[in-house]
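Note sheet for the following structure.
Protein chains: 2
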Amino acid sequence: MNSFVVALDVGGTSMKGGLVTRSGEIIRTDRRATPRDRGPAVVVATIRSFIDDLATAGGGAPAGVGLAVPGLVTADAALYSANIGWRDVPATDFVPLDVPVMLGHDVRTGGLAESVLGAGREFSDFLFLPIGTGIAGAVILHGEPYGGTAGWGGEIGHIPVFPEGEPCACGQIGCLETYASASAVARRYSTRATSSASPVTAEQVAALTASGDPLAMEIWDEAVEALSLALASYALLLDPSAIVLGGGLAEAGSLLSVPLAERLQKRLAFRDAPPLRQAALGVSAGMLGAALLGWRAAGFADAGVTWSPDVLKTPRVA
Amino acid sequence: MNSFVVALDVGGTSMKGGLVTRSGEIIRTDRRATPRDRGPAVVVATIRSFIDDLATAGGGAPAGVGLAVPGLVTADAALYSANIGWRDVPATDFVPLDVPVMLGHDVRTGGLAESVLGAGREFSDFLFLPIGTGIAGAVILHGEPYGGTAGWGGEIGHIPVFPEGEPCACGQIGCLETYASASAVARRYSTRATSSASPVTAEQVAALTASGDPLAMEIWDEAVEALSLALASYALLLDPSAIVLGGGLAEAGSLLSVPLAERLQKRLAFRDAPPLRQAALGVSAGMLGAALLGWRAAGFADAGVTWSPDVLKTPRVA
Numbered sequence: 078m079n080s081f082v083v084a085l086d087v088g089g090t091s092m093k094g095g096l097v098t099r100s101g102e103i104i105r106t107d108r109r110a111t112p113r114d115r116g117p118a119v120v121v122a123t124i125r126s127f128i129d130d131l132a133t134a135g136g137g138a139p140a141g142v143g144l145a146v147p148g149l150v151t152a153d154a155a156l157y158s159a160n161i162g163w164r165d166v167p168a169t170d171f172v173p174l175d176v177p178v179m180l181g182h183d184v185r186t187g188g189l190a191e192s193v194l195g196a197g198r199e200f201s202d203f204l205f206l207p208i209g210t211g212i213a214g215a216v217i218l219h220g221e222p223y224g225g226t227a228g229w230g231g232e233i234g235h236i237p238v239f240p241e242g243e244p245c246a247c248g249q250i251g252c253l254e255t256y257a258s259a260s261a262v263a264r265r266y267s268t269r270a271t272s273s274a275s276p277v278t279a280e281q282v283a284a285l286t287a288s289g290d291p292l293a294m295e296i297w298d299e300a301v302e303a304l305s306l307a308l309a310s311y312a313l314l315l316d317p318s319a320i321v322l323g324g325g326l327a328e329a330g331s332l333l334s335v336p337l338a339e340r341l342q343k344r345l346a347f348r349d350a351p352p353l354r355q356a357a358l359g360v361s362a363g364m365l366g367a368a369l370l371g372w373r374a375a376g377f378a379d380a381g382v383t384w385s386p387d388v389l390k391t392p393r394v395a
Numbered sequence: 078m079n080s081f082v083v084a085l086d087v088g089g090t091s092m093k094g095g096l097v098t099r100s101g102e103i104i105r106t107d108r109r110a111t112p113r114d115r116g117p118a119v120v121v122a123t124i125r126s127f128i129d130d131l132a133t134a135g136g137g138a139p140a141g142v143g144l145a146v147p148g149l150v151t152a153d154a155a156l157y158s159a160n161i162g163w164r165d166v167p168a169t170d171f172v173p174l175d176v177p178v179m180l181g182h183d184v185r186t187g188g189l190a191e192s193v194l195g196a197g198r199e200f201s202d203f204l205f206l207p208i209g210t211g212i213a214g215a216v217i218l219h220g221e222p223y224g225g226t227a228g229w230g231g232e233i234g235h236i237p238v239f240p241e242g243e244p245c246a247c248g249q250i251g252c253l254e255t256y257a258s259a260s261a262v263a264r265r266y267s268t269r270a271t272s273s274a275s276p277v278t279a280e281q282v283a284a285l286t287a288s289g290d291p292l293a294m295e296i297w298d299e300a301v302e303a304l305s306l307a308l309a310s311y312a313l314l315l316d317p318s319a320i321v322l323g324g325g326l327a328e329a330g331s332l333l334s335v336p337l338a339e340r341l342q343k344r345l346a347f348r349d350a351p352p353l354r355q356a357a358l359g360v361s362a363g364m365l366g367a368a369l370l371g372w373r374a375a376g377f378a379d380a381g382v383t384w385s386p387d388v389l390k391t392p393r394v395a
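These protein sequence lines map, in sequence, to chains A and B. At position 123 of the first sequence the residue is numbered 200 (this note's numbering), and the sequence of numbers has no breaks. At position 318 of the second sequence the residue is numbered 395 (this note's numbering), and the sequence of numbers has no breaks.
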């Protein structure tokens with residue numbers, strides 16, 4: 078048995094791959110485009126060859142394979158993804174080799190990595206909330222991601238924070254994601270900007286907010302308010318030890334976390350707000366979580382527990 | 078060892094006690110006032126003598142004692158209750174006999190009973206939502222109540238459903254409980270009724286709603302809307318198999334459940350709403366859950382699993 082696993086984080090745009098040793102050393106990373114527009118069968122075939130190439134680069138069959146995929150997923154099958162278009166793909170279909178394999182939900186697998194290796198290392202119960210193009214969370218309970226009865230849990234991005242608010246692309250009204258995702262912040266600024274400026278990014282809205290641009294400040298404030306409402310609901314329901322913020326919007330650091338912590342506490346009259354923490358693993362969270370799944374598939378349920386945080390520092394997925 | 082446990086559900090107004098056999102037969106029930114206005118020490122002493130009297134009536138020392146208490150609680154101690162006023166009372170202080178004892182949070186212990194014996198019997202993951210004077214829920218995950226990191230979980234009554242809405246007694250704004258508890262429904266009707274009618278109960282508002290009274294219908298509708306928002310958030314976060322409605326307001330039956338199910342589905346565009354079920358154990362849920370805790374304390378972790386639903390039918394706590 079070789080002393081590495083192949084780990085793959087399958088996103089709608091690109092796939093992040095890595096080889097990770099039993100002691101947590103990342104000996105190789107690579108990235109490949111997800112050929113989503115060519116249909117699910119081509120995506121599966123691309124995953125197979127990506128895994129094969131990574132294994133060959135590592136010097137042979139890995140001890141296991143772990144994959145983080147979007148949509149509805151069990152450890153043994155990718156059941157459904159609106160994004161990629163597949164249905165009921167057995168885990169073994171992704172792997173060209175006869176080695177143990179384990180699948181996980183993309184956000185929850187990232188949350189697993191933050192739980193075992195990252196910002197949630199000291200907490201057993203927390204929310205991992207990556208704020209990117211969309212917003213979905215990983216509900217971590219007793220150190221493990223919890224996906225609900227059928228695997229549809231963690232959809233905090235579609236909590237109705239403003240019940241009479243703006244329509245969301247999902248068909249609901251006033252969803253958190255419509256106000257506070259990185260793309261919503263960018264979109265809402267562009268839509269309301271009076272000058273015919275070119276489309277902005279969330280990063281640019283953050284910079285404009287920091288520099289005192291009134292419209293940017295207003296939109297940023299609405300995003301913070303929406304997040305505070307959703308996180309208040311989360312805290313009241315699940316009493317977490319912490320909330321770990323990740324994704325693009327969290328890159329704004331204290332510009333987001335300071336007003337959010339204040340607003341969240343204001344929404345919680347009879348209890349302390351859980352502390353906000355910055356995610357530690359960045360865009361590598363999904364790949365690292367997939368590595369944990371790969372080692373679990375290989376029979377090492379305790380994978381990651383003894384890994385030094387130092388080994389996680391380099392190299393990150395490019 | 079005797080073949081019964083003493084079970085006690087300690088409420089702010091009254092305590093419901095029972096003797097329950099190993100096979101789930103309720104051989105005795107009794108009720109006593111909670112002398113809350115005389116301070117926590119008197120409440121503890123009253124619990125002790127109530128347990129003693131119940132044990133004597135049963136013919137000697139019970140196999141164990143289970144207590145459902147409000148506030149912050151572990152299996153071994155009642156840590157805090159604003160309602161009763163106690164702090165850090167060890168479980169053994171409640172029991173005048175040298176027998177095993179286990180404490181549980183009142184709502185979560187009721188939820189445990191609904192999970193093992195009642196309407197949640199066929200579900201491993203659900204929300205037990207008793208709607209009474211206040212609103213708090215029991216989050217049931219993998220068949221067991223989940224209280225969060227410090228035991229403050231399940232406070233769905235204080236989710237901000239209308240962020241710019243009415244102030245809640247808790248100090249927050251727009252809490253579910255302010256619109257949808259039985260006392261809120263009664264209070265909101267009385268406040269807005271133009272005639273100087275005598276104060277009404279939630280039951281009366283329900284009857285007025287059924288008979289087409291416009292104000293009652295409006296207030297009932299706002300309660301349903303508030304509940305649908307909170308339950309949508311719950312469903313999106315935790316993907317439960319069902320929502321089990323209990324407490325006074327749920328007595329309204331289909332007057333509540335039919336519009337609520339419809340409104341909840343309307344708030345959930347991309348997934349089916351979890352089914353709503355009526356709680357099965359009524360006001361006995363807490364006492365029956367305490368009986369399960371008593372048997373667990375006595376070493377029978379599987380207590381209740383084999384109990385016939387028939388034995389639960391009579392006698393109910395008076």
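Cβ coordinates follow ideal geometry from the N, Cα and C atoms, glycine included.
Contact set for residue i: own chain, Cβ-Cβ below 8 Å, skip 5 residues either direction
| i | result |
| --- | --- |
| Ala168 (chain A) | Leu144, Ala152, Asp153, Ala154, Ala155, Val178, Met179, Leu180 |
| Ser305 (chain A) | Leu337, Arg340, Leu341, Lys343, Arg344 |
| Thr111 (chain B) | Val87, Gly88, Gly89, Thr90, Ser91, Met92, Val120, Thr123, Ile161 |
Residue i: contacting residues in chain B (beta-carbon distance under 8 Å)
| i | result |
| --- | --- |
| Val238 (chain A) | Pro240 |
| Leu218 (chain A) | Leu218, Tyr223 |
| Pro317 (chain A) | Gly225, Thr226 |
| Asp202 (chain A) | Gly225, Thr226 |
Straight-line Cα distance separating residue j from residue i
| i | j | result |
| --- | --- | --- |
| Ala329 (chain B) | Gln355 (chain B) | 10 Å |
| Ala374 (chain B) | Thr98 (chain B) | 14 Å |
| Arg115 (chain A) | Arg264 (chain A) | 28 Å |
| Pro117 (chain A) | Ala246 (chain B) | 53 Å |
| Ile236 (chain A) | Thr278 (chain A) | 24 Å |
| Asp183 (chain A) | Gly148 (chain A) | 8 Å |
| Val83 (chain B) | Gly101 (chain B) | 12 Å |
| Phe205 (chain B) | Ala350 (chain B) | 15 Å |
| Ala300 (chain B) | Val119 (chain A) | 50 Å |
| Glu295 (chain B) | Gly211 (chain A) | 36 Å |
Per-residue contacts from residue i into chain A (C-beta, under 7 Å)
| i | result |
| --- | --- |
| His235 (chain B) | Leu313 |
| Ala309 (chain B) | Pro237 |
| Arg348 (chain B) | Trp229 |
| Gly248 (chain B) | Ala346, Phe347 |
| Asp379 (chain B) | Within 7 Å Cβ-Cβ: nothing; Asp379 (chain B) doesn't reach chain A, min ~21 Å. |
| Leu306 (chain B) | Pro237, Pro240 |
Cβ shell of residue i (< 6 Å), same chain only, five flanking positions each side left out
| i | result |
| --- | --- |
| Ser80 (chain B) | Thr98, Arg99 |
| Arg34 (chain A) | There is simply no residue 34 (chain A) to check, as chain A begins at 78 and stops at 395 in what is shown. |
| Lys66 (chain B) | This structure leaves residue 66 (chain B) out entirely; chain B is present only between 78 and 395. |
| Glu243 (chain B) | Thr255 |
| Pro222 (chain A) | Arg185, Gly188, Leu189, Ala215 |
| Phe239 (chain A) | Gly251 |
| Ser192 (chain B) | Ile217, Gly220 |
Exposed unless 16 or more other CB atoms sit within 10 angstroms - verdict on residue i
| i | result |
| --- | --- |
| Phe127 (chain B) | buried |
| Arg185 (chain B) | buried |
| Val282 (chain B) | buried |
| Val335 (chain B) | exposed |
| Leu172 (chain A) | According to the sequence as given, residue 172 (chain A) is Val; it is not Leu. Val172 (chain A) comes out buried. |
Residue i in three-state terms, based on DSSP
| i | result |
| --- | --- |
| Ala215 (chain B) | strand |
| Leu156 (chain A) | strand |
| Ala257 (chain A) | helix |
| Pro173 (chain A) | coil |
| Asp165 (chain A) | strand |
| Gly181 (chain A) | strand |
| Ser72 (chain B) | Residue coverage of chain B in this structure runs from 78 to 395, which leaves residue 72 (chain B) outside it and unanswerable. |
| Pro236 (chain B) | The amino acid occupying residue 236 (chain B) in the given sequence is Ile; Pro does not appear at that position. Of the three classes helix, strand and coil, the one that applies to Ile236 (chain B) here is coil, per DSSP. |
| Val146 (chain B) | strand |
| Ala356 (chain B) | coil |
Proximal chain B residues relative to residue i, where beta-carbon distance stays under 9 Å
| i | result |
| --- | --- |
| Gly187 (chain A) | Neighbours of Gly187 (chain A) on chain B: none; closest Cβ ~17 Å, over 9 Å. |
| Glu254 (chain A) | Neighbours of Glu254 (chain A) on chain B: none; closest Cβ ~11 Å, over 9 Å. |
Own chain residues within Cβ distance below 7 Å of residue i, not counting five before or after
| i | result |
| --- | --- |
| Leu285 (chain B) | Ala293 |
| Pro392 (chain B) | Low per-residue confidence applies at Pro392 (chain B): pLDDT is 46, beneath 50, and the placement is therefore not dependable, though the value from the model is reported in the following sentence. Within the same chain, Pro392 (chain B) has close Cβ partners Ile103, Thr106. |
| Met78 (chain B) | For Met78 (chain B), the pLDDT reaches just 49, beneath the cut-off of 50, and the residue's location in the model is therefore unreliable, although a value from the coordinates is still provided. These residues qualify, in order along the chain: Ala140. |
| Trp384 (chain A) | Ser100, Gly101, Leu194 |
Chain-ordered neighbours of residue i on chain B, where CB pairs are closer than 7 Å
| i | result |
| --- | --- |
| Leu353 (chain A) | What Leu353 (chain A) touches in chain B: nothing, since even the nearest Cβ is about 15 Å away. |
Under 8 Å by beta carbon: chain A residues contacting residue i
| i | result |
| --- | --- |
| Glu280 (chain B) | Result: empty, since nearest Cβ-Cβ is about 27 Å, beyond 8 Å. |
Beta-carbon neighbours of residue i, restricted to chain A and to distances below 9 Å
| i | result |
| --- | --- |
| Glu232 (chain B) | Ala312, Leu313, Leu314, Asp316, Phe347, Arg348 |
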